[in-house]
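Student: Residue 1 is where the sequence shown starts when you use full-length UniProt numbering, and the numbers rise one by one after that.
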Amino acid sequence: VLKVVENLGVSHVRSSDAYKTKLEAELRKLKFPYRALAEDDYEARRKDHISHFILRLAYCQSEDLRRWFLQQEMDLFRYRFNELTDSLMQKFLEHVNLSFEAIGEDLKNELAYELSVSTPGFSLSKVKEQMFYKVGLADAVDLFRARRVFIKDGFAYVPFKEIDVIVLNNYRTKLSKALALTARSLPSIQSDERLQPLLNHLSHSYVGPDYSIQKNTGKISLDQIDALSVKSFPLCMRQLHRALRDSHHLRHGGRMQYGLFLKGIGLTLEQALEFWKKEFIRGKVDADKFDKGYAYSIRHSYGKEGKRTDYTPYSCMKIIMSNPPSQGDYHGCPFRHSDPELLKQKLQSYKIPPSGITQILELVKGVHYQLACQKYFELTHDVDDIGFSLNHPNQYFTESQKLLSGGRELKKEFNNSGNFQQRNNSQESVNSSSTPTSSNAKADTELEGLEAYFTED
């Protein structure tokens, strides 16, 4: 739910009609009880509360996680509060001890002119229709700073339609303090072996198709990989492929990230061994050394050695949140781990237009790395809206291939020479849906019981 809120908050103007309509549709799709208070659904509210506090535990562990969680919770709260009826809003304000004093009709008539000229969008007639609250200036600083309320004797006279600003500020303050307090309690919580694995993985777990089994296994030839890396690889995998071709070697982190991605797009074990061996022996590794030192780990990743674990390709969150690259490494997320100037140069070399580069860098600056990757997808495929939330490199590849082959509506597509040509297709794509699994096998077991219970988060 919070991931959906983040995506819409960046791609739409918050509180616009389009934003509200889209968010409502997404919340319904996820079966999130956003109207639980209005519908007086106790069980739905209970699940909502429990899932919130579990996420609070998971997202209090670092400043970045706290900042992200706070922003998404604020946006979700704003939407849900504004969906309440006037009577439910009043009931809610009383419940959280924010029952501000409503001014009487006599005082409102006396101040009618001042209220109309000090409150944007309010005529004298509208002032008489609207309820105003007398609020201490400390609680209405944002409204006062924006010159949206009338001030007198240390009080702000706030119209009912603006009360959400004060409620949101109050909520932000309380949630921020609560996250800080929770962070202090982490040592005692993390000592509980039942909770520690869950909390460690929840903040960057991936629930979706795991891409461990592909319908096109064996259908991609090794000769196609160079062309596919340009047309359909996300930037992280395109970077790894280029580094492998240039230096004929990748360190362990790069081999794992790229090798599992290639497995996910359909390379068989035999193809993978041939691909890596051909490239490595072009560098400083001879065939014998490859067979002894590298072939085992490739077979291991396909579940043919060791514990016979069939490893799944890394999700975006796993790449972003774990094992950051060091000097000489090429794995990781370029939007998260690259210097902005180097990222800009890379995008320029891939012929991304200057306006597109600016948009991507703005998203990176706002710590929206997956949204930056979505924008990269749109720019490299010449579409205005990809129509899905990007959470996995293999999802990027799959959607790209659908789009380029006409499986999704496409404005323009690449022809054989690499130029764009017009094509009309109206077939709508549907995001792959398979049994939700986690990218981490151990985390799967830990989350299994909760996923069924807290489907909304």
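Idealized CB from N, CA, C, for every residue including glycine. On a predicted model such as this, the values are computed, not experimentally measured, just so you know.
What are the residues that DSSP puts in a beta bridge with residue 136?
Tutor: Paired residue(s): 155.
Student: Between residue 392 and residue 316, which are expected to be in contact by the criterion C-beta below 8 Å, what is the C-beta distance as a whole number of angstroms?
Tutor: Their Cβ separation, rounded to whole angstroms, is 6 Å, which keeps residue 392 and residue 316 in contact under 8 Å.
Student: What is the rounded straight-line gap between the Cα of residue 153 and the Cα of residue 114?
Tutor: Roughly 14 Å separates the two Cα atoms.
Student: Given this structure, state the Cα-to-Cα distance separating residue 373 from residue 134, to the nearest angstrom.
Tutor: If you take the alpha carbons of residue 373 and residue 134, they lie about 47 Å apart.
Student: Apart from the five residues on each side of it in sequence, which residues of its chain come closer than 7 Å, Cβ to Cβ, to residue 276?
Tutor: Once the five neighbours on either side are set aside, the close Cβ partners of residue 276 are 294, 298.
Student: Would you identify the three-state DSSP class for residue 94, choosing helix, strand or coil?
Tutor: Residue state, collapsed to three classes: helix.
Student: Kindly examine the ligand FAD and report whether one of its heavy atoms sits closer than 6 Å to the Cβ of residue 232.
Tutor: Annotation note on the ligand FAD: not contained in the displayed structure, which lists no ligands.
Student: Among the residues of its own chain, which have a CB less than 6 Å from the CB of residue 411, if the five just before and after it don't count?
Tutor: Low per-residue confidence applies at residue 411: pLDDT is 39, beneath 50, and the placement is therefore not dependable enough to give any value.
Student: So, with DSSP's three-state summary, where would you put residue 77?
Tutor: DSSP places residue 77 in helix when its eight states are reduced to three.
Student: What is the rounded straight-line gap between the Cα of residue 399 and the Cα of residue 238?
Tutor: Whole-angstrom Cα-Cα distance: 16 Å.
Student: Give the list of continuous alpha helix (DSSP H) stretches no shorter than 4 residues that lie fully inside the segment 246-275.
Tutor: Complete alpha helix (DSSP H) runs here, min 4: 252-265.
Student: Counting C-beta neighbours from all protein chains within 10 Å, is the total for residue 146 16 or more, i.e. buried, or is it exposed?
Tutor: Exposed, by the Cβ-count rule.
Student: Quick check on residue 380: buried or exposed, where buried means 16 or more other Cβ atoms within 10 Å of its Cβ?
Tutor: By the neighbour-count rule (16 or more Cβ atoms within 10 Å), residue 380 is buried.
Student: Alpha carbon to alpha carbon, how far is residue 72 from residue 6? Give it in angstroms, no decimals.
Tutor: Distance between the alpha carbons of residue 6 and residue 72: 6 Å.
Student: Residues bridged to residue 101 by DSSP?
Tutor: According to DSSP, residue 101 bridges with 134.
Student: Of the residues 158, 313, 404, which one's Cα is nearest the Cα of residue 120?
Tutor: When only C-alpha atoms are compared, the closest one is 158.
Student: Can you give me the C-alpha to C-alpha distance between residue 306 and residue 193, rounded to a whole angstrom?
Tutor: Those two C-alpha atoms are separated by around 26 Å.
Student: Going by DSSP, what residues sit across from residue 150 in a beta bridge?
Tutor: Answer is 157.
Student: Going by other Cβ atoms of all chains shown within 10 Å of its Cβ, with 16 needed for buried, is residue 417 buried or exposed?
Tutor: Low confidence applies to residue 417: its pLDDT is 35, below 50, so where it sits in the model is not reliable, and the reading given next is rough at best. Per the 10 Å Cβ criterion, exposed.
Student: Where do the N-terminal and C-terminal ends of the alpha helix (DSSP H) with residue 373 fall, by residue?
Tutor: Element bounds for residue 373: 369-381.
Student: Please confirm if the segment 57-72 is in contact with the segment 182-191, defined as three or more CB-CB distances below 8 Å between the two stretches.
Tutor: With the cut-off at 8 Å, the segment 57-72 and the segment 182-191 touch.
Student: Would the segment 78-85 count as touching the segment 19-35 if we require 3 or more Cβ pairs under 8 Å?
Tutor: Cβ pair count under 8 Å is three or more, so yes.
Student: Is DSSP giving residue 293 helix, strand or coil here?
Tutor: Of the three classes helix, strand and coil, the one that applies to residue 293 here is helix, per DSSP.
Student: Tell whether a beta-carbon distance below 7 Å holds between residue 211 and residue 353.
Tutor: No.
Student: Is it right to say residue 101 is buried, meaning 16 or more other beta carbons lie within 10 angstroms of its own, or is it exposed?
Tutor: Exposed: under 16 other Cβ atoms inside 10 Å.
Student: Between which two residues does the alpha helix (DSSP H) carrying residue 53 extend?
Tutor: That run of the alpha helix (DSSP H) goes 42-58.
Student: Could you tell me if residue 394 is buried or exposed, where buried requires 16 or more neighbouring beta carbons within 10 angstroms of its beta carbon?
Tutor: Classification of residue 394: buried, given that the 10 Å Cβ count is 16 or more.
Student: In whole angstroms, give me the CA-to-CA distance for residue 151 and residue 26.
Tutor: Rounded to the nearest angstrom, the two C-alpha atoms are 40 Å apart.
Student: Locate the alpha helix (DSSP H) running through residue 352, then write down its first and last residues.
Tutor: Careful: residue 352 lies outside any alpha helix (DSSP H) and carries neither H nor E.
Student: Ordered along the chain, which non-local residues of its own chain (more than five positions away) have a Cβ less than 6 Å from that of residue 249?
Tutor: Taken in chain order, the residues that qualify are 283.
Student: What did DSSP end up calling residue 34 once you bin it into helix, strand or coil?
Tutor: Note: residue 34 maps to coil in three-state DSSP.
Student: Within 10 Å of its beta-carbon, does residue 227 have 16 or more other beta-carbons around it, so buried, or fewer, so exposed?
Tutor: Its Cβ having fewer than 16 others within 10 Å, residue 227 is exposed.
Student: Let me know the secondary structure DSSP gives residue 236 once reduced to three states.
Tutor: Correct three-state label for residue 236: helix.
Student: Taking the alpha-carbon positions, what's the residue 286 to residue 292 distance?
Tutor: Using only the alpha carbons, I get a separation of about 10 Å.
Student: Quick one: is residue 259 buried, meaning 16 or more other Cβ sit within 10 Å of its Cβ, or exposed?
Tutor: By the 10 Å Cβ count, residue 259 comes out buried.
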